[in-house]
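Structure first, commentary second.
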Amino acid sequence: MFDRRGALAKTLVAKELQRLSGKWFITSSRMTDHTTGRATELLLEKIDRRDDIPEALFSVRGIEKG
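First residue of the sequence shown? That's 410 in the numbering used here, and the numbers climb one at a time after it.
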């Protein structure tokens, strides 16, 4: 990610991917903030997919409607 001046601000590294029911999920990632030098690691140990949520809700139109 870059700031408004075009300087590197943050980097997201997907460290591990897992396929669950035909869909890919990032299960381990690291976000580094280059302005502060700090980083956050995220590790997902369990994923419970919900098939009851219509995919149309994740379209641009669906997100704008809320």
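All C-beta atoms, glycine included, are put in the ideal place defined by N, C-alpha and C. Since we're looking at a predicted model, the values are computed, not measured.
What number of angstroms, rounded off, separates the C-alpha of T444 from the C-alpha of S438?
19 Å
Member of A465, K474, S468 and L453 whose CA lies at the smallest distance from the CA of A423
L453
Do you know whose CA, among S468, R428 and D442, lies nearest M410's CA?
D442
Between the C-alpha atoms of I462 and W433, what's the straight-line distance to the nearest angstrom?
17 Å
Which same chain residues end up closer than 8 Å to A448 when comparing Cβ atoms and leaving out the 5 residues on each side of it in sequence?
R439, M440, T441 and D442
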